[in-house]
Amino acid sequence: MSVETSLIRTLVVERFGEAIEELGFSHGVHAFAAPPDMIVELCRFMKEHPVLRFDFLSDICGVDHYPEMPRYEAVYHLCSLPNKWRVRIKCRLGDPPRVPSVTGVWRTANWHEREAWDMYGIRFEGHPDLRRIYMWEGFQGFPQRKDFPLRGYKDKLNPFGAEGSPPTQPDLATEDIPLGGRSTPRT
Amino acid sequence: MTEVTELSCSESDAPHTREVLLNLGPQHPSTHGVLRLVLELDGEYVERVDPHIGYLHRGTEKLAESFTYTQIFPLTDRLDYLCPPSNNLAFALAVEKLLGIQAPVRAQYIRVLMAELARISGHLLITGALPMDLGAMTALLYAMREREMIMDLLEMISGARMHTSFCRVGGVREDLPDGFFSKIREFCDIFPNRIRDYERLLDSNRVFLKRTQGIGVISAEDGIDLGLSGPNLRASGVDWDIRRDEPYEIYDRLDFDVITSQEGDCYARWRCRVEEMRESVRIIEQCLDQMPDGPFQIDMPTIAFPVDKDRVHCSMEALIQHFDLSAYGFKVPKGEVYSVIEAPKGELGFYIISDGSPKPFRMKVRSPSFVNLQALFGVTNARYLADMIAVLGSLDPVMAEVDK
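Chains as they are written, first to last, in this note's numbering: chain A, 1 to 187; chain B, 1001 to 1404.
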C-alpha cells in the first residue's frame, strides 16, 4: 500500500509541485487536497497518466462544514480499474462555493455535480446543464446545508417546518443559471 | 399517463413531419417506479431524452445526519428495496472501518449469505421484468414464484420479508434460526433448474432476442466514462467485480466466476444477470459448507447490544448497556471513509465523515442506480422509443435508490 502511495504522491508532486497537498492513506483510499482552480487539471492528469489511469469517477459529493471556514467542500472519489487504486480529492470552497466542472473529463460527473448543486448550492462552472435534480423547479434554498432545517421551512404545505425562510443568495439568483427551471438549453 | 403536446409544427414542404414532446411517466409501468422521461420524438425516433428524477427523494443523507449509526440501518433498507441486506452490509462495513473493528467470521458468512440471496432476488425481478416490458409476461410470473422462496428465507432469518435491517455494526442481529440450513439447501437444489426454465422460455424466444440483441450497445470505454458499474459494466466487457478485486468480508475465501460479456447490448446485460444468479447459488452453497460456529456479534459492550436479551431484565450492566446504545448510540472516532461493495446494481459506496459524535457528520450514498440511469444519455444506437424502454429495463434502475 505504501508503495502505491509514494508512487502516486511522487507523480503528482512531479507534475504539480506543492500546490496539491497529500493527506495520507486511510481505509484503502489515498487522499489529496487541491485548490479549486487546479481540480480539472488534476483530474485530467489522474485519468490520462499512463501509470495512474484513474479512469473511473466513483462519486462527487458536497460537504458543508458549517460553521467552520472555508465552509464548503467538494469531494471527488476516483478509482483506477486497471490498478485497483482509489483516490479522494478534496477541494475546500469559500462562500458562495464555486468550482470548475469536471464534466469534460468524465461524462458521469454530470449528474453528480447537479446533485451537489441541488443539495449544497455548489456552482460547477462550465457544467452544460446545471439544474436541480432532486428538488423541484423553483425550490428555494439548498436542503443539505447544515443551516437548512431538517423539516424544511414552514409554509402552507409544510405546517411542521421551521419558522423563517431560506436565506436569499442574491449573487446566485441573478446569474445566468436559474435555480432550477427548464429554460436552460440542454445538450 | 402519457400525453403528447405539440412542440413545433414545421412549415416546410413536408407537412406530416413534426417533432413531438412526449411525457413518459412518472406513473408508467415500464419506468420501473416513478421516473419521468421527457422525450423529443421525431416520428418513432427519440431525438433527446431528459430524465426527471426526485419523485421519491426522501432526504436519506440529510436524515442520517440526525440519526445514530444503529438507527441508520432502516434508512439504508429503503435505498434499493429489492436487496436491503446488501445495503445494510455496505453501511455496516463503512462504520466498522471507521471504528477499526471487524465482525466475527460467522457474522461475515451470514451477511454474505444474505447479500447473495438479495442479489438473486434483485436479479430475478429484472430478468422477469425486462421481458415483461417487451411483452413477454410469463417470465415475470415465474420469477416472482422463485422470489417468494427467497422472501420466505429472509423472513425466516430476520422476521421481515423486505426491509430486513439485519446487520448491526460489528455483526448481525441474531443467529440463524433452527431448520434454516435444510430450507436454504432445498432452495439451492431447486433454483438452478428454475434458471434453466427461464432460459428455455426466453433464450429461444425470437421476439425477445430481436428486441434485445444489438440494441442499446454501450462500449467498454463509454461504460467507464459514464460510470456504469456492476452487471451493466461487465456486460460491456469490463472485467471488474469488487467482490473479487477489492474483496470485503469473506469473499476472498469463496470460489466464484465473474461473468462478463463482450456485446454490451440489452441481451448481454440480461444474460449477465442470469449467469450471476448461478454464481450466487454457488457462493451460498460455499457459505453453508464453510460457515463456522462462533459468535454472531462482536464482543464489545460499547458497540454491540447485549447478546442475551433476557439479561437486560435482570442485570444492571446489561440494562445500562442496552439503554445507552439505544438512546445515545456509540461514538465513532473522527475520520472519513469511503467504503464500497458490489451490490446487485453495481458499486454501492458509503462515504461517511465522522466528527467523533454518535451521529455521522455527513453520509453520502454512492448509489449505483443513480449513475446507471444517467447512462441512458450515453446509449446512441437505440433510436426507437420502444428500444429505449428495452434499454431502460436492461439498465435496471431502482428508483428508490436513484432518488435516495
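Virtual Cβ for every residue (Gly too), placed ideally from N, Cα, C.
With distances taken from CA atoms, which of V75(A), S80(A) and T5(A) is nearest C91(A)? Walking along the first sequence from the start, residue 91(A) turns up at place 91. Cα-wise, what sits closest to C91(A) is V75(A).
Please list, in chain order, the chain A residues whose beta carbon lies closer than 8 Å to that of I1224(B). Taking the first residue of the second sequence as 1, we reach residue 1224(B) at position 224. Here the neighbours are D55, F56 and L81.
Pairwise C-alpha distance: P166(A) and Q140(A): Translated into the one-based positions of the first sequence, residue 140(A) becomes position 140. Translated into the one-based positions of the first sequence, residue 166(A) becomes position 166. In a straight line, the C-alpha of Q140(A) is about 6 Å away from that of P166(A).
Between S1367(B) and chain A, is the shortest Cβ-Cβ distance under 7 Å, so that the two count as touching? Translated into the one-based positions of the second sequence, residue 1367(B) becomes position 367. It does not; no Cβ of chain A falls within 7 Å.
Determine the contact status of G1264(B) and V1337(B), defining contact as a CB-CB distance below 7 Å. Looking up residue 1264(B) in the second sequence gives position 264. Looking up residue 1337(B) in the second sequence gives position 337. Going by C-beta atoms, G1264(B) is not nearer than 7 Å to V1337(B).
Sequence ranges, alpha helix (DSSP H) only - wholly within the stretch 1132 to 1193 of chain B, length at least 4: Listed in chain order, the alpha helix (DSSP H) runs fully inside the stretch 1132 to 1193 of chain B are 1138 to 1158, counting runs of at least 4 residues.
Measuring alpha carbon to alpha carbon, tell me which residue in G94(A), Y134(A) and L130(A) is nearest R1058(B). The residue given as residue 1058(B) occupies position 58 in the second sequence. The shortest Cα separation from R1058(B) among G94(A), Y134(A) and L130(A) belongs to Y134(A).
Chain A contacts made by the stretch 1067 to 1082 of chain B, where a contact means CB separation under 7 Å: Flagged: no residues at all.
Alpha carbon to alpha carbon, how far is A1115(B) from E1285(B)? Give it in angstroms, no decimals. For this step, residue 1285(B) is matched to residue 285 along the second sequence. For this step, residue 1115(B) is matched to residue 115 along the second sequence. Taking C-alpha positions only, E1285(B) is separated from A1115(B) by approximately 13 Å.
Roughly how far, in whole angstroms, is the beta-carbon of P975(B) from the beta-carbon of S1354(B), given that I think they are within contact range, below 8 Å? The structure shown has nothing for residue 975(B), since chain B only spans 1001 to 1404.
Residue span of the alpha helix (DSSP H) that contains L1041(B), given as start and end: Taking the first residue of the second sequence as position 1, residue 1041(B) is located at position 41. First-last for L1041(B): R1036 to D1042, but that is the beta strand (DSSP E), not the alpha helix (DSSP H).
Close beta carbons around P97(A), own chain, < 6 Å, minus the five adjacent residues each side: Position 97 of the first sequence, counted from the start, is the residue given in the question as residue 97(A). Exclusion of the five residues before and after P97(A) leaves Y72 and I122 as the residues of its chain whose Cβ lies within less than 6 Å of its Cβ.
For S101(A), count neighbouring C-beta atoms within 10 Å of its own C-beta (all shown protein chains included) and say buried if the count is 16 or more, exposed if not. Looking up residue 101(A) in the first sequence gives position 101. Of the other Cβ atoms in all chains shown, 16 or more fall within 10 Å of the Cβ of S101(A); this residue is therefore buried.
Identify, in the order they occur along the chain, each residue of the same chain with its Cβ nearer than 8 Å to the Cβ of M1300(B), setting aside the five sequence neighbours on each side. Indexing the second sequence from 1 puts residue 1300(B) at position 300. Within the same chain, I1101 and G1170 come within 8 Å of M1300(B) by CB-CB distance, once the 5 residues on both sides are set aside.
If I measure Cβ to Cβ from W1270(B) and keep anything under 7 Å in the same chain, skipping five residues before and after, which residues do I get? Indexing the second sequence from 1 puts residue 1270(B) at position 270. For W1270(B), where only same-chain residues beyond five positions count, the Cβ hits under 7 Å are T1127, L1130, T1212 and S1394.
Does the beta carbon of Q1374(B) come closer than 7 Å to any beta carbon on chain A? Taking the second sequence and counting its residues from 1, the one referred to as residue 1374(B) is at position 374. Look at Q1374(B): its C-beta is under 7 Å from a C-beta on chain A.
If we cut at 7 Å on Cβ distances, does D1245(B) have a partner in chain A? Against the second sequence, residue 1245(B) aligns to sequence position 245. Cβ-Cβ to chain A under 7 Å: yes for D1245(B).
Note down, in chain order, every chain A residue with its Cβ under 8 Å from the Cβ of H1057(B). The residue you call residue 1057(B) lines up with position 57 of the second sequence. Going along chain A in sequence order, the residues near H1057(B) (Cβ under 8 Å) are Y134 and M135.
Contact criterion: CB-CB distance below 7 Å. Does V1371(B) meet it with respect to chain A? Your numbering for residue 1371(B) matches position 371 in the second sequence. Residue contact with chain A for V1371(B): present (Cβ-Cβ distance below 7 Å to some residue of chain A).
Return the Cβ separation of S200(A) and R53(A) in integer angstroms, given the expectation that the two are a contact with Cβ distance under 8 Å. There is simply no residue 200(A) to check, as chain A begins at 1 and stops at 187 in what is shown.
Please classify D1387(B): is it buried, with 16 or more other beta-carbons within 10 angstroms of its beta-carbon, or exposed? One-based indexing of the second sequence puts residue 1387(B) at position 387. Answer is buried; the Cβ neighbour count reaches 16.
When burial is assigned at 16 or more other CB atoms within 10 Å of the CB, is G1033(B) buried or exposed? The sequence position of residue 1033(B) within the second sequence is 33, counting from 1. Flag for G1033(B) reads buried.
Given a cut-off of 7 Å on the beta-carbon distance, is the pair R88(A) and A31(A) in contact? The residue given as residue 88(A) occupies position 88 in the first sequence. The residue given as residue 31(A) occupies position 31 in the first sequence. Contact check for R88(A) against A31(A) passes: the beta carbons are separated by less than 7 Å.
Within 7 Å of any Cβ in chain A, is that where the Cβ of G1227(B) sits? Along the second sequence, read from residue 1 onward, the residue named residue 1227(B) stands at position 227. At a cut-off of 7 Å between beta carbons, G1227(B) contacts chain A.
Of all the residues that make up the stretch 100 to 125 of chain A, which are near chain B by a beta-carbon distance shorter than 7 Å? Flagged, chain order: W106, R107, T108, N110 and W111.
For E1221(B), tell me which candidate among F45(A), L57(A) and K156(A) has the shortest Cα-Cα distance. The residue labelled residue 1221(B) in the question sits at position 221 within the second sequence. Comparing C-alpha distances from E1221(B) to each of F45(A), L57(A) and K156(A) shows the shortest one belongs to L57(A).
Pull up the CB-CB distance for A1103(B) and F1350(B), whole angstroms please, since I reckon it's below 8 Å. Against the second sequence, residue 1103(B) aligns to sequence position 103. Against the second sequence, residue 1350(B) aligns to sequence position 350. The C-beta distance from A1103(B) to F1350(B) rounds to 16 Å, too long to fall under 8 Å, and the pair is not in contact.
Exposed or buried, which one is S1326(B) when buried takes at least 16 other CB atoms within 10 Å? As a first step, residue 1326(B) is located in the second sequence; it is residue number 326 there, counting from the start. Here S1326(B) is exposed. Its C-beta has fewer than 16 other C-beta atoms within 10 Å.
Near-chain A residues of the stretch 1321 to 1340 of chain B (beta-carbon distance less than 9 Å), N- to C-terminal order: Against chain A - using a Cβ distance shorter than 9 Å - the residues of the stretch 1321 to 1340 of chain B are G1335, E1336, V1337, Y1338, S1339 and V1340.
Using beta carbons (cut-off 7 Å, strictly below), is K1364(B) in contact with chain A? In the second sequence, the residue the question calls residue 1364(B) occupies position 364. True, the Cβ-Cβ gap to chain A drops below 7 Å.
DSSP three-state label for H112(A), please. Taking the first sequence and counting its residues from 1, one reaches residue 112(A) at position 112. Three-state result, H112(A): helix.
From L1119(B) to L1113(B), what does the alpha carbon distance come to, in whole angstroms? Here residue 1119(B) refers to the residue found at position 119 when the second sequence is read from its first residue. Here residue 1113(B) refers to the residue found at position 113 when the second sequence is read from its first residue. Reading off the sequence, residue 1119(B) comes out as Arg, not Leu. The straight-line gap from Cα to Cα measures roughly 10 Å.
Chain B contact residues for P128(A), given Cβ-Cβ distances below 9 Å: Position 128 of the first sequence holds residue 128(A). The premise fails here: P128(A) is roughly 11 Å from chain B at the closest Cβ pair, so nothing lies under 9 Å.
Terminal residues of the alpha helix (DSSP H) in which L1288(B) lies: Indexing the second sequence from 1 puts residue 1288(B) at position 288. From DSSP, the alpha helix (DSSP H) with L1288(B) extends over C1266 to Q1290.
How far does the beta strand (DSSP E) with P100(A) in it reach, from first residue to last? Sequence index remark: in the first sequence, residue 100(A) carries index 100 (1-based). Start and end: R98 to P100.
Considering only DSSP beta bridges, list what G1033(B) is partnered with. To locate residue 1033(B), count along the second sequence from 1; it is residue 33. When DSSP reads this structure, G1033(B) sits in a beta bridge with H1028(B).
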